[in-house]
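Data first, discussion second: the structure below is written as structure tokens.
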Amino acid sequence: MLFLPFNSRIDFSICSQNGQKSGQGQYVWKNGDKYEGAFENDHKSGYGRLTYINGNIYEGPFLIDKKNGMGSYKYSNGDHYEGSFADNDKQCGQGRMKFNNGDLFEGAFENDQMNGPGRMTKANGEIQQGVFENSMLK
């Protein structure tokens, strides 16, 4: 038997082992968010794709329902992050963010922000390099 909270549903088959989601499958929440990928012991674990109702898409590894490892996050506004995720689903570690205006940041991220050494290459060719704090060059 598979238990589902009242605000969620399964839209596609998921293997069940001892009453828990296991293996490959698809899960759709009542709000429209959708996960396609690996499950283990009732959790998103392994490689998967999480599509949010707002159009944002994460693709990469999960560990016990959290984004964890090297992944890709595409924002509905056109921004695109590729890099490390850790610390409770956050962009954390080395990565690169391509902004919809053509700017490109490569460097350290913490708590979903540019934090630490990095290089911002503006669409107009201007380069800012140094230590960033809360997404601002110090």
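Using UniProt numbering, you'd call the opening residue of the sequence shown number 1 and step up by one each time.
Every residue gets a Cβ at the ideal spot worked out from N, C-alpha and C, and that includes glycine.
Since we're looking at a predicted model, the values are computed, not measured.
- Item | Candidates 78, 123, 116 and 88: closest to residue 143 by CA position | The question about residue 143 has no answer here: the residues shown for the chain are numbered 1 through 138.
- Query: Straight-line CA distance for residue 23 to residue 40?
  - Reply: 6 Å
- Message: Using only CA atoms, which one of 25, 118 and 32 lies nearest to residue 38?
- Response: 25
- Enumerate in chain order the residues of its own chain whose CB-to-CB distance from residue 130 is below 6 Å, with the five nearest sequence positions on each side excluded. 137
- Task: Kindly list the residues whose CB is nearer than 7 Å to the CB of residue 110, restricted to its own chain and excluding five residues on each side of it in sequence; keep chain order.
- Result: 92 and 116
- Please classify residue 30: does DSSP put it in a helix, a strand, or coil? coil
- Item | Nearest neighbour of residue 60, chosen from 27, 19, 48 and 126 [CA to CA] | 48
- Task: Return the chain-ordered list of same chain residues with a C-beta closer than 8 Å to the C-beta of residue 104, the five sequence neighbours on each side being excluded.
- Result: 96, 97, 98, 120 and 121
- Task: Taking residue 74 as the reference, give the member of 50, 20 and 68 with the closest Cα.
- Result: 50
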